[in-house]
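Residue numbering for the sequence shown is 257 to 435, as defined by the numbering used here.
Glycine residues also receive a C-beta, built at the ideal position from the N, C-alpha and C atoms.
Encoded as structure tokens, the structure appears first; notes follow it.
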Amino acid sequence: KLIPDFIKEGDQSVEFLEKTISNDDSDILVYENDGTVVGFILLQAKTRPDFPFMIPGKYCYIMDVIVTKTHRNKGFGTALMNSAKDWAKEQNCSFINLDVLVNNPEAIKLYEKLGFKCVPRGKEERFDIIQAVTLGSREAMLAFCHGIQEAAPVDSYVVPEPWAMPGYHDDVIMAAGAF
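Below you can see the structure in the form of structure tokens.
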């Protein structure tokens with residue numbers, strides 16, 4: 257079931273598919289089984305935005321992963337995702353990013369099985385505005401929050417600092433640029 261405020265039903269245009277295939281920074285990987293297409297994955301190598309708080313580099317964005325219903329849970333999705341990992345390495349991407357709808361538990365299960373961090377996890381509820389920011393280190397998180405606050409239209413002079421907030425296992429840092 258689709259989320260009507262976010263995704264609508266429709267077909268991919270031939271123009272979009274041709275552009276994806278012909279661009280050096282994107283690709284479509286197709287899985288065939290006995291001469292029948294049973295799945296595909298749309299990939300794009302992207303460059304991180306030029307923000308003062310972000311380390312420059314490339315990452316792989318997975319636009320879509322499709323496996324026919326009759327071929328799910330038979331290793332085809334895993335094979336496609338492993339091919340995507342290889343493609344990302346060939347493109348010199350430092351990580352892979354993908355989106356999945358919360359009402360797609362089969363995909364969430366696959367991604368978690370392959371080691372992707374899904375936040376919230378497949379069976380968890382959503383509790384807050386931000387679902388996840390994984391930057392890999394305390395320093396990267398501090399730089400990210402400082403950059404958000406510095407660019408804010410309100411209180412841009414404030415320097416966010418982490419602190420021990422009751423009820424949390426780790427220090428909490430907050431940055432906002434709103435009223």
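When C-alpha distances from V321 are compared across M310, V270, D290, A340, the shortest belongs to A340. Judged by DSSP secondary structure, I429 falls outside any beta strand (DSSP E); it is assigned neither H nor E. Beta-bridge partners of T292 (DSSP): N289.
In the structure shown, L366 adopts helical secondary structure according to DSSP, grouped into three states. Contact check between the stretch 295-309 and the stretch 397-407: three or more CB pairs, one atom from each, fall below 8 Å, which counts as touching. In this structure, DSSP gives A420 a state outside helix and strand, which the three-state scheme calls coil. Collapsing the DSSP output to three states places C316 in a strand. In this structure, R394 is the residue among E406, R394, P416 with its C-alpha nearest to the C-alpha of D426.
About 19 Å separates the CB atoms of S278 and K314; that is not less than 8 Å, and the two are not in contact. An exposed status is given to L273, since fewer than 16 other beta-carbon atoms sit within 10 Å of its beta-carbon. Here Q268 is exposed: its Cβ has fewer than 16 other Cβ atoms, across all protein chains shown, within 10 Å. G331 has its alpha-carbon roughly 21 Å from the corresponding atom of D283.
The beta carbon of N353 sits closer than 6 Å to the beta carbons of Y315, Y317 from its chain, once the five residues preceding and following it are set aside; these are given in chain order.
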